[in-house]
Amino acid sequence: MKVTLTMKPAGGSFIPIEAESIIPKSFLSGTDDISVWRGNRELGLSEVFSISVEGKADRPEDVEVIIAGDETFRLKRVGEYMDGGKITVLGDIGMHCGNFMSGGTIEIQGNADGWLGREMAGGTILCRGDAANYCASGYRGGRKGMTGGTVEIFGRAGAFLAENVAGGTVIVHGDAGDMAGAEMRDGTLIVHGDCSRPVANMKGGSCYVFGTAHALIPTFKKIGTVRHEGRMLIHFIGDIANRGKGNLFVKDYRYLD
Amino acid sequence: MIVKDVVCPFCGCLCDDIEVEVEGNRVVAVANACELGATKLTGERRMKNPILRDGDAWKDISYDEAIRYASDMLLSAERPLLYGWSGTHGEAQCVGVHMAELVRGVIDNTSSVCHGPSILAIQEVGHPGCTLGVVKNRADLVIYWGSNPIDAHPRHLSRYTYYADGFFLENAFRDRKVIVVDIRKTETANVADEFMQIQPGGDYAVLSALRAIVRGRAESIPQTVAGVTREQLIRVANLCKEAKFGAVYFGLGLTMTQGKYKNIRNAIELVTELNRHTKFTISAMRGHYNVYGSNEVNTWMTGYPFGIDFSRGIAFYNPGETTAVDILARKECDAALIVGSDPAAHFPRRCLEHLADIPVVQLDPYPNATTAFCNVQIPVAVTGIDAEGTAYRMDGVPIRTRKIFSTEYPSDEEVLSRMYALMQEDG
Amino acid sequence: MSELLIRNACVIDPLRGINAEVMDIAIRDGVIVENVGGSAEVIDAHGALTLPGGIDSHTHICGTKVNFGRYMSPEDMRAGRTPRRGHMHSTSGYSVPTTYGNSYRYSAMGYTTLLEGAMAPLEARHTHEEFLYTPLQDTMANTLFDGNWAIMEAIRDGDTKRVAAIIAWTLQAVKGFGVKLTNPGGTEAWQWGKNVSCIRDPVPYFEVTPAEIIRSIVEANELLGLPHSVHLHCNNLGMPGNYTCTLGSLGLIPDLNPKRQTLYATHVQFHAYGGSDWKDFCSKSEPIVRFVNMRPQIVIDMGQVMFGRTTTMTADGPMEFNLYRLHHEKWSNHDVELETGSGIIPVVYRRKNLVNSVMWAIGLELALLMESPWQCMLTTDNPNGAPFVRYPEIIALLMSKRYRDAEFATIHPDTGSRVPLPAIERELDWYEIAVMTRAGQARALGIQDLGKGYLGPGAEADVAIYPIRIDEVDPAVDYQKVIEAFSQTEYTIKRGRVVSRRGECLVDGSNATLWVRPNVSDDYDMGRDPDFIEKFDRYYTVRMRNYPVQEEYLNRDRCIETEAGI
Amino acid sequence: MRFLMITGRTVNQGVTVENKTSVDYAEETSTCFMHGFDMLDLGLDEGDTVLVTGPCGTVVMRVSASSEVELGTVFVPYGPYANHIIDADTHSTGMPDFKSHAVEIEPTDEEPKMVHKLMEDLGGLAYDR
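Right under this line is the structure:
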């Protein structure tokens with residue numbers, strides 16, 4: 003089954019639309035009962051989107067949802083609790099895409115706003131553009147971030163990337179922002195470009211920075227160099243301030259001294 | 078007439094030992110207050126009556142009309158923002174929460190641009206704190222980190238720390254050490270026993286280094302950290318460990334710099350670490366008057382201290398998404414009610430550009446910068462001068478403010494209650 | 319005049335000795351009367367179990383510490399969120415719900431009166447503000463005196479009357495109800511980062527011992543003729559081997575009051591531990607219960623632990639720091655000048671954890687081994703042992719050996735060798751549950767004379783009608799039905815009004831705050847005592863005039879005046 | 007010249023904050039405190055005006071020498087002038103970078119605007135000017 007949702011223009015309104023109902027599973031029983039929220043107003047799916055459905059499916063794995071339109075950046079919570087199937091966003095997507103996701107694939111052709119894949123437990127998110135702040139992070143209160151699955155960003159990532167990450171793999175092909183992997187507990191974080199203050203206060207897990215780690219936290223202990231996938235990387239253990247035993251591998255680093 | 082034990086309505090210290098001399102409904106003299114408090118208590122230039130923007134002119138309207146306008150505005154909005162609240166009393170804040178719930182709007186207070194990051198940090202690691210009197214009576218070491226009380230909380234030093242004798246410190250000036258940590262040599266730094274000057278943006282690194290040193294891992298620290306020598310870091314760590322009772326007071330120097338709440342988290346974790354060695358507490362230098370009260374009220378009413386979005390009926394909290402600056406800058410609200418604050422003076426310009434585009438109602442005694450963006454402004458009594466109610470001090474101690482004199486102005490609570498009543502009828 | 323008649327109620331009313339009699343209850347203007355007129359509104363209970371409104375004699379629902387528990391726990395708030403609906407405001411939270419959340423959920427369970435277990439006098443106004451937003455229950459606050467400087471100085475001087483006078487002044491000033499001692503002496507020591515290990519350790523500088531504090535304040539409490547006894551959270555909470563400390567503390571208490579106990583020892587589960595460390599940790603419920611069974615002057619509450627997530631919060635600051643060092647989660651602490659302190663950390667009690675399993679067993683053992691239900695109240699020390707919404711499960715565990723065995727099979731396998739629980743056959747009956755959840759509380763708190771805890775003429779019309787027929791359900795077998803019935807009333811009636819129906823709260827509510835004003839002679843009026851005033855002005859950071867809680871903070875003001883013997 | 011702009015509270019800002027239409031408030035919050043050497047570099051005397059360019063626009067302020075600020079840094083009392091050029095990006099924390107903004111400063115002949123004029127520039131309407 004292929005569901006195409008083409009977003010109608012909103013005439014200048016920037017009020018976000020909460021669309022946690024947009025997950026493959028929802029479409030198994032038609033589109034009539036699906037609603038989304040613009041601010042405090044509940045709207046039928048067809049008030050916001052032109053809908054076209056091709057084919058049939060009995061299980062979420064056989065559903066692909068395609069989201070199109072110029073204002074898809076206003077859509078929040080798309081793919082929340084998704085457990086199978088596929089969502090493809092042809093443009094940009096709003097905050098909280100793939101929250102609590104446990105299976106399936108979300109592919110975003112444009113940029114993703116904050117909290118992409120927050121508290122995600124499984125599945126795959128591919129973002130062809132940039133991801134904003136708190137990608138693959140946890141929720142306020144220091145809860146665990148992503149615990150499983152994969153998030154791959156082909157552009158840059160914002161601040162607080164993979165905060166509190168506790169499992170799974172996060173790959174950023176461009177640069178990452180400040181405080182990447184802060185409070186990391188477990189899992190793997192790979193940044194191909196530069197980032198600032200990586201894995202501050204980390205407890206465990208592994209972080210790779212193939213560019214330069216700026217303003218490196220001074221409480222990581224250098225223990226040598228290692229060869230990793232053809233690169234020579236400097237290996238640190240930390241965060242000592244937090245009795246941490248995580249591994250940080252960087253190609254290059256600078257302290258704020 | 079002299080009124081004693083007045084509670085100062087300016088900053089989060091809520092000094093309650095102020096004496097004012099009143100003539101009619103004017104304060105003619107103030108004793109015990111700092112310059113900031115005295116100016117506020119003697120302030121004049123109130124707005125006389127509600128005003129409505131009519132094209133490029135202002136016209137006077139009645140309270141009834143103004144309240145009806147606000148009620149209609151909030152009821153018809155899809156995502157109204159109810160912002161401010163630090164300049165008013167708890168009773169009004171409670172009505173505000175009920176209104177936000179009813180119209181399914183977003184309610185946020187000024188802590189999102191002062192100590193909101195501190196709250197986010199506390200939510201991650203907790204908060205070892207105490208009331209101000211505990212510090213006054215016991216602390217032999219006080220650290221001001223990224224805070225400058227001489228300018229922002231002028232009586233903090235004399236009432237609670239530097240010059241304040243206490244039960245276990247008969248001569249505080251002699252027996253209590255003060256350390257100032259800042260990126261610039263502030264007035265407060267000039268009176269400190271030790272000044273640790275940090276490169277801008279370096280607080281986090283310095284805090285991490287101190288934590289490692291307190292844990293006995295000084296050897297792994299580089300020679301200098303963000304402009305501070307390892308020797309000084311070790312000296313400061315030792316001063317902390319050797320203190321019988323240490324108290325950290327941090328300010329916007331930590332909350333407003335890069336990393337925001339991570340700086341505070343690190344400071345709290347340092348203090349927690351120090352508690353394995355001695356007694357240490359940490360507290361935020363809450364700025365505006367009853368801002369801490371707005372956090373308290375929001376918390377018991379909604380579960381969250383600020384940045385609460387009721388659009389979906391239930392309370393949703395996510396600072397960075399549900400906070401005023403973000404919502405305004407991203408044009409994500411379609412009406413605003415402002416109470417007890419002045420966002421136009423304190424928010425970045427992009428936020429003001431959106432305020433100019435949407436209907437705005439403000440409750441404030443004075444014409445202020447936000448007035449320019451209002452469709453309606455409703456003048457109210459000043460909480461702590463001609464209205465009374467509950468305010469929470471920066472350390473969580475609730476105090477009932479005194480009314481110094483009476484005026485015709487309704488209080489925030491009265492105006493909001495009338496709005497709420499209308500909204501319940503229509504909503 | 320408003321009249322209500324409840325017909326065909328199967329009433330258990332222990333304070334009147336009524337055990338499962340089907341009868342009518344007549345209510346006029348919020349009070350139970352002999353009979354009402356023909357135009358009265360009628361509720362037919364159809365033989366359902368009908369009890370006096372529930373009373374929680376030890377819960378943490380309002381005030382600085384509770385609110386800080388909320389403030390620091392956005393993750394807890396994500397659970398239990400409900401929107402505004404009808405007369406109900408939105409709610410959030412599981413272990414530390416918002417005030418409305420507490421009030422609605424307690425009301426749905428039939429509770430009409432709540433005692434906040436710990437209020438720091440300096441921050442009393444905060445507790446009362448939150449009471450205003452806990453609309454469906456009458457409220458009262460135990461007031462903390464464990465580290466009060468003026469009191470410790472008076473004890474050092476051997477002046478019990480002065481101790482009483484300070485308590486009297488403080489209670490009336492802060493609109494407090496009873497006297498609470500939390501880790502007496504320990505909260506002051508903690509302001510130096512220290513603690514007292516048990517009742518013989520002197521408090522730094524003040525050089526008085528917890529034993530002296532307890533004894534003197536118990537005497538002072540009785541001198542003032544307060545409705546409730548001293549309410550004690552013993553020293554050394556949560557530590558292996560602490561039961562000896564608990565026995566030592568209980569042994570200090572004479573029998574001074576013919577109407578009620580002389581000491582209410584709270585959350586005793588946390589104080590009934592054997593062993594010398596966590597490795598040989600075990601239950602010592604038996605020696606504790608043996609001791610209390612012989613002493614009518616002592617009432618305890620369970621402090622039951624239930625498995626799952628919760629938030630611990632107590633005035634016992636040093637204990638919370640120890641707990642933090644075990645769990646290494648978030649930790650908050652708040653010391654209050656000249657008075658007391660508090661600490662908060664979130665915890666998860668796990669079935670697979672041996673210590674947690676032993677704790678779970680101990681609470682049940684206390685209730686099952688205690689001969690008289692009047693001496694053991696059903697609590698979790700909400701939310702410390704578990705959120706109060708778990709009470710129905712506890713009731714069912716106490717009523718069903720089968721349920722206990724089923725649960726026992728799921729906990730840590732070594733628990734059996736450390737606790738007597740598996741050998742205990744006793745199953746409590748409906749009457750005993752009614753004692754432990756309302757009648758016993760009313761007597762222990764000394765509020766039955768105010769019309770609380772019973773359903774006879776003159777009583778406040780606080781009634782809970784549960785959707786269960788006790789002649790049809792065998793709780794030993796159908797424990798699931800017991801849980802369901804106690805989770806949600808058919809009707810909760812407060813002051814003669816139906817406030818909650820099948821979990822839906824129907825009115826805005828207007829509670830009463832019960833507080834105590836002991837009348838003392840002028841010589842013992844601390845408001846005029848030069849030494850007291852001078853020290854107040856010098857060491858507190860609020861002015862003495864700004865300290866008392868004003869009447870604006872009392873919704874319906876129920877002041878209890880006592881004639882003090884000083 | 008590039009500077010790091012820091013904002014913060016001052017006594018004068020606090021004293022005038024309840025009277026935002028006043029000249030005193032405008033003067034205080036449009037003051038750009040600068041190290042004396044930096045002023046020399048820019049050829050500025052006490053009270054000269056500067057054009058400050060931030061990520062979101064430009065604003066005219068008046069410089070004042072201060073021994074409290076480091077070389078390369080300026081301090082501006084918290085208020086509408088600094089906010090006229092501060093970026094609203096909070097990095098999803100709710101809090102803008104009030105204390106860490108890179109700005110470009112150059113001498114100018116323009117005078118600082120009054121607060122109400124700044125507000126009108128952004129679409130407001132002054133009251134009681």
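Each protein sequence line maps, in turn, to chains V, B, R and S.
Under the numbering used here, the first residue of the first sequence is numbered 3, with each subsequent residue one higher.
Under the numbering used here, the first residue of the second sequence is numbered 78, with each subsequent residue one higher.
Under the numbering used here, the first residue of the third sequence is numbered 319, with each subsequent residue one higher.
Under the numbering used here, the first residue of the fourth sequence is numbered 7, with each subsequent residue one higher.
Glycine included, C-beta positions come from ideal geometry on N, C-alpha and C.
These figures come from a predicted structure and were not determined experimentally.
Which chain S residues sit within Cβ distance under 8 Å of B:Val190?
Numbered from 1 along the second sequence, position 113 holds the residue referred to as residue 190 of chain B. Within chain S, the residues near B:Val190 are Gly100, Met101, Pro102, Phe104.
Proximity of S:Thr114 and S:Thr55 at Cβ, strictly below 8 Å:
Taking the fourth sequence and counting its residues from 1, one reaches residue 114 of chain S at position 108. Taking the fourth sequence and counting its residues from 1, one reaches residue 55 of chain S at position 49. Cβ distance < 8 Å, so S:Thr114 and S:Thr55 count as in contact.
What's the call for B:Gly397, buried or exposed, on a 16-neighbour Cβ count within 10 Å?
The residue you call residue 397 of chain B lines up with position 320 of the second sequence. When all chains shown are included, B:Gly397 counts as buried.
Beta strand (DSSP E) runs contained entirely in the stretch 209-243 of chain B, provided each spans 3 or more residues:
218-222
Taking 8 Å as the threshold (beta carbon to beta carbon), is S:His97 in contact with chain V?
Taking the fourth sequence and counting its residues from 1, one reaches residue 97 of chain S at position 91. For S:His97, the answer is yes, since a Cβ of chain V falls inside 8 Å of its Cβ.
Compute the Euclidean distance between the alpha carbons of B:Arg145 and V:Gly248, then round it to the nearest angstrom.
The count along the second sequence starts at 1 and reaches residue 145 of chain B at position 68. The count along the first sequence starts at 1 and reaches residue 248 of chain V at position 246. Each residue's Cα considered, the two are about 59 Å apart.
Using the beta-carbon of each residue, which ones in chain R are nearer than 8 Å to B:Asn126?
The residue labelled residue 126 of chain B in the question sits at position 49 within the second sequence. Correct list: empty, because the minimum Cβ distance to chain R is about 28 Å.
Measuring only between beta-carbons, confirm whether V:Gly116 sits less than 8 Å from chain R.
Numbered from 1 along the first sequence, position 114 holds the residue referred to as residue 116 of chain V. Chain R, which has no Cβ nearer than 8 Å to the Cβ of V:Gly116, makes this no.
Minimum Cβ-Cβ distance from B:Val183 to chain R less than 8 Å
Indexing the second sequence from 1 puts residue 183 of chain B at position 106. Not closer than 8 Å to any Cβ of chain R, the Cβ of B:Val183 fails to qualify, so no.
I'd like to know whether the C-beta of V:Arg233 is nearer than 8 Å to at least one C-beta of chain R.
Within the first sequence, the letter at position 231 stands for residue 233 of chain V. Answer no: the Cβ-Cβ gap between V:Arg233 and chain R never drops below 8 Å.
Name the residues in the stretch 495-509 of chain R whose C-beta lies less than 8 Å from a C-beta of chain V; which are they?
none
Who are the Cβ neighbours of V:Glu63 in its own chain at under 7 Å, not counting the five residues just before and after it?
Translated into positions along the first sequence, residue 63 of chain V becomes position 61. Cβ neighbours of V:Glu63 beyond the five flanking positions: Gly86, Gly87.
Between B:Asn267, B:Gly328, B:Ser418, which has its C-alpha nearest B:Pro456's C-alpha?
Indexing the second sequence from 1 puts residue 456 of chain B at position 379. Checked all of B:Asn267, B:Gly328, B:Ser418; the closest Cα to B:Pro456 is B:Ser418.
R:Arg627, DSSP secondary structure in three states
The sequence position of residue 627 of chain R within the third sequence is 309, counting from 1. Reduced to three states, the DSSP call for R:Arg627 is strand.
What's the call for S:Met7, buried or exposed, on a 16-neighbour Cβ count within 10 Å?
On the fourth sequence, residue 7 of chain S is found 1 positions in, with the first residue counted as 1. Flag for S:Met7 reads exposed.
Helix, strand or coil, according to DSSP, for B:Lys117 in the structure here?
Taking the second sequence and counting its residues from 1, the one referred to as residue 117 of chain B is at position 40. B:Lys117: helix per DSSP, three-state reduction.
Quick test of your reading: B:Gly473 and B:Tyr369, contact by CB under 8 Å. State the CB separation rounded to the nearest angstrom.
By one-based count along the second sequence, residue 473 of chain B stands at place 396. By one-based count along the second sequence, residue 369 of chain B stands at place 292. The pair is a contact, with the Cβ atoms about 7 Å apart (cut-off 8 Å).
Determine whether the Cβ of R:Pro705 lies closer than 8 Å to any Cβ atom of chain V.
As a working mapping, residue 705 of chain R is identified with position 387 in the third sequence. No - not a single Cβ of chain V is within 8 Å of the one on R:Pro705.
Own chain residues within Cβ distance below 6 Å of R:Thr629, not counting five before or after:
Here residue 629 of chain R refers to the residue found at position 311 of the third sequence. These residues qualify, in order along the chain: Gly387, Ser413, Val414, Pro664, Pro701.
Examine chain R for any beta-carbon lying closer than 8 Å to the beta-carbon of V:Arg142, and answer yes or no.
Taking the first residue of the first sequence as position 1, residue 142 of chain V is located at position 140. Yes - at least one Cβ of chain R is within 8 Å of the one on V:Arg142.
For R:Val660: DSSP bridge partner residues:
If you number the third sequence from 1, residue 660 of chain R lands on position 342. Val is not the amino acid found at residue 660 of chain R; the sequence shown has Ser there. Answer is none; R:Ser660 lacks a bridge partner.
Can you pull the chain S residues whose beta carbon is under 7 Å from the beta carbon of V:Asn135, in chain order?
Sequence index remark: in the first sequence, residue 135 of chain V carries index 133 (1-based). Within chain S, the residues near V:Asn135 are His97, Ser98.
Tell whether a beta-carbon distance below 8 Å holds between B:Met471 and B:Met333.
The residue you call residue 471 of chain B lines up with position 394 of the second sequence. The residue you call residue 333 of chain B lines up with position 256 of the second sequence. The answer is no: Cβ separation not under 8 Å.
Please list the partners that B:Cys207 has in chain R, where partner means a Cβ-to-Cβ separation under 9 Å.
Locating residue 207 of chain B in the second sequence gives position 130, where the first residue counts as 1. The answer, in chain order, is Gln509, Asn651, His652, Asp653, Val654, Glu655, Gly659.
So is B:Trp162 in contact with chain R if we call contact Cβ pairs under 8 Å?
Position 85 of the second sequence, counting from 1, holds the residue named residue 162 of chain B. B:Trp162 does not count as touching chain R.
Quick one: grab the DSSP three-state call for V:Asn113.
For this step, residue 113 of chain V is matched to residue 111 along the first sequence. Coil, per DSSP.
With DSSP as the reference, label S:Gly20 as helix, strand or coil.
Against the fourth sequence, residue 20 of chain S aligns to sequence position 14. S:Gly20: helix per DSSP, three-state reduction.
Let me confirm a value: V:Met103 is counted as buried when at least 16 other C-beta atoms fall within 10 Å, else exposed. Which label applies?
To locate residue 103 of chain V, count along the first sequence from 1; it is residue 101. Label assigned to V:Met103: buried.
Chain-ordered chain B contacts of V:Phe16 [CB-CB under 7 Å]
For the purposes of this step, residue 16 of chain V is taken as residue 14 along the first sequence, with counting starting at 1. Chain B residues near V:Phe16: Arg407, Lys408, Glu409.
Would you mind giving the Cβ-Cβ distance between B:Leu440 and B:Val416, rounded to the nearest angstrom? I have them listed as a contact below 8 Å.
Here residue 440 of chain B corresponds to residue number 363 of the second sequence, with the count starting at 1. Here residue 416 of chain B corresponds to residue number 339 of the second sequence, with the count starting at 1. Their Cβ separation, rounded to whole angstroms, is 5 Å, which keeps B:Leu440 and B:Val416 in contact under 8 Å.
Which bits of chain R does V:Arg145 rub up against, with CB to CB less than 8 Å?
Position 143 of the first sequence, counting from 1, holds the residue named residue 145 of chain V. Within 8 Å Cβ-Cβ: Glu393.
Chain-order list of residues whose beta-carbon lies under 6 Å from that of R:Met458 (same chain, five-residue window excluded)
Taking the first residue of the third sequence as position 1, residue 458 of chain R is located at position 140. Excluding positions up to five away in sequence, the list reads Leu433, Phe495, Leu832.
Select from R:Gly504, R:Gly681, R:Pro705 the residue whose C-alpha is nearest the C-alpha of R:Ala694.
On the third sequence, residue 694 of chain R is found 376 positions in, with the first residue counted as 1. Inspection of the sequence shows that residue 694 of chain R is occupied by Cys rather than by Ala. Per the Cα distances, R:Gly681.
Cα separation between V:Ala12 and B:Val174?
Residue numbering aside, residue 12 of chain V sits at position 10 when the first sequence is read from its first letter. Residue numbering aside, residue 174 of chain B sits at position 97 when the second sequence is read from its first letter. Between V:Ala12 and B:Val174, the C-alpha separation is close to 30 Å.
V:His237 lies in the alpha helix (DSSP H); which residues open and close that run?
As a working note, residue 237 of chain V is residue 235 in the first sequence. Looking at the DSSP string, V:His237 is not in any alpha helix (DSSP H); the run it does join, the beta strand (DSSP E), is 233-240.
Drop a sphere of 10 angstroms on the beta-carbon of B:Glu373, count the other beta-carbons inside from all chains shown, and report buried for 16 or more, exposed for fewer.
For the purposes of this step, residue 373 of chain B is taken as residue 296 along the second sequence, with counting starting at 1. So B:Glu373 ends up on the buried side.
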